[in-house]
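Numbered according to our numbering, the sequence shown spans residues 4 to 168. We treat Cβ as the ideally placed atom computed from N, Cα and C, and that holds for glycine. Everything numeric in this text was worked out from a predicted model, so none of it was measured. Report on the following structure.
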Amino acid sequence: MTQLHLVFGPQGAGKSTHARKLAEAEQAVHLAIDDWMGQLFGPDLPQPLDFGWVMERVARCERRIWLTALAIVRGGGRAVLDLGFMKAASRGRFLALADEHGLSAKLHCVTAPAEIRRQRVSQRNAARGDTFSFEVTPAMFDAMEALFEPATAEELALAAVVATG
Numbered sequence: 004m005t006q007l008h009l010v011f012g013p014q015g016a017g018k019s020t021h022a023r024k025l026a027e028a029e030q031a032v033h034l035a036i037d038d039w040m041g042q043l044f045g046p047d048l049p050q051p052l053d054f055g056w057v058m059e060r061v062a063r064c065e066r067r068i069w070l071t072a073l074a075i076v077r078g079g080g081r082a083v084l085d086l087g088f089m090k091a092a093s094r095g096r097f098l099a100l101a102d103e104h105g106l107s108a109k110l111h112c113v114t115a116p117a118e119i120r121r122q123r124v125s126q127r128n129a130a131r132g133d134t135f136s137f138e139v140t141p142a143m144f145d146a147m148e149a150l151f152e153p154a155t156a157e158e159l160a161l162a163a164v165v166a167t168g
């Protein structure tokens with residue numbers, strides 16, 4: 004039985020939608036970085052956007068989310084980590100943490116073509132529905148697009164790949 008699910012992919016691919024469905028199917032707790040960042044730091048977001056400020060807070064949230072997921076699993080539950088995992092090193096770090104604690108973990112790579120993802124983000128901004136945490140401007144989308152590291156061959160060999168486009 005998989006205790007931790009790590010959902011990753013580029014912005015607008017459908018990570019949060021997949022993670023929520025997965026959490027429901029697995030009777031797991033869904034832990035999403037966007038929810039934490041939006042609730043804890045959204046009202047304080049500096050204008051103009053300061054990427055260093057944001058990333059410092061993302062790192063804080065990731066540490067707290069990891070400890071929360073660990074407590075859930077140690078209590079007999081399962082967790083779905085919806086942290087974006089933009090970098091291969093971040094995905095590797097969380098897989099290593101799971102391994103260090105003797106936990107089973109599975110990667111879920113969610114993909115979609117860039118134009119579909121851009122359109123989804125625009126629609127999410129307008130609708131402000133269930134998966135909306137904060138507005139992602141076109142400039143923010145472009146910046147995150149440049150930062151995302153696609154799955155490596157090693158990751159793909161371990162991952163469930165979910166194409167949403």
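Integer Cβ distance of residue i from residue j, believed to fall under 8 Å
{"i": "residue 104", "j": "residue 9", "result": "Incorrect: roughly 14 Å between the Cβ atoms, too far for contact."}
{"i": "residue 120", "j": "residue 16", "result": "6 Å"}
Limits of the unbroken alpha helix (DSSP H) element including residue i
{"i": "residue 61", "result": "54 to 77"}
{"i": "residue 97", "result": "91 to 103"}
{"i": "residue 47", "result": "It is not in any alpha helix (DSSP H) - residue 47 carries neither H nor E in the DSSP assignment."}
{"i": "residue 82", "result": "Where residue 82 is concerned, there is no enclosing alpha helix (DSSP H), although the beta strand (DSSP E) it sits in stretches over 82 to 87."}
Rounded C-alpha distance that separates residue i from residue j
{"i": "residue 147", "j": "residue 98", "result": "22 Å"}
{"i": "residue 55", "j": "residue 134", "result": "24 Å"}
{"i": "residue 96", "j": "residue 129", "result": "34 Å"}
{"i": "residue 150", "j": "residue 87", "result": "11 Å"}
{"i": "residue 167", "j": "residue 12", "result": "11 Å"}
{"i": "residue 2", "j": "residue 79", "result": "Within the shown structure, residues of the chain are numbered from 4 to 168, placing residue 2 beyond reach of any answer."}
{"i": "residue 24", "j": "residue 165", "result": "12 Å"}
{"i": "residue 28", "j": "residue 34", "result": "15 Å"}
{"i": "residue 124", "j": "residue 14", "result": "8 Å"}
{"i": "residue 38", "j": "residue 49", "result": "18 Å"}
Reduced DSSP category for residue i - H, G, I as helix; E, B as strand; rest coil
{"i": "residue 5", "result": "coil"}
{"i": "residue 20", "result": "helix"}
{"i": "residue 163", "result": "strand"}
{"i": "residue 150", "result": "helix"}
{"i": "residue 144", "result": "helix"}
N- and C-terminal bounds of the beta strand (DSSP E) containing residue i
{"i": "residue 139", "result": "Here residue 139 belongs to no beta strand (DSSP E), and DSSP marks it neither H nor E."}
{"i": "residue 171", "result": "The structure shown does not extend to residue 171, since the chain is modelled only from 4 to 168, so the question has no answer here."}
{"i": "residue 1", "result": "Residue numbering for the chain in the displayed model covers 4 to 168; residue 1 lies beyond these limits and cannot be assessed."}
Reference residue i; option with closest CA among the options
{"i": "residue 89", "options": "21, 154, 160", "result": "154"}
{"i": "residue 83", "options": "160, 43, 50, 69", "result": "69"}
{"i": "residue 26", "options": "6, 58, 62", "result": "6"}
{"i": "residue 58", "options": "161, 159, 93", "result": "93"}
{"i": "residue 162", "options": "113, 117, 49", "result": "113"}
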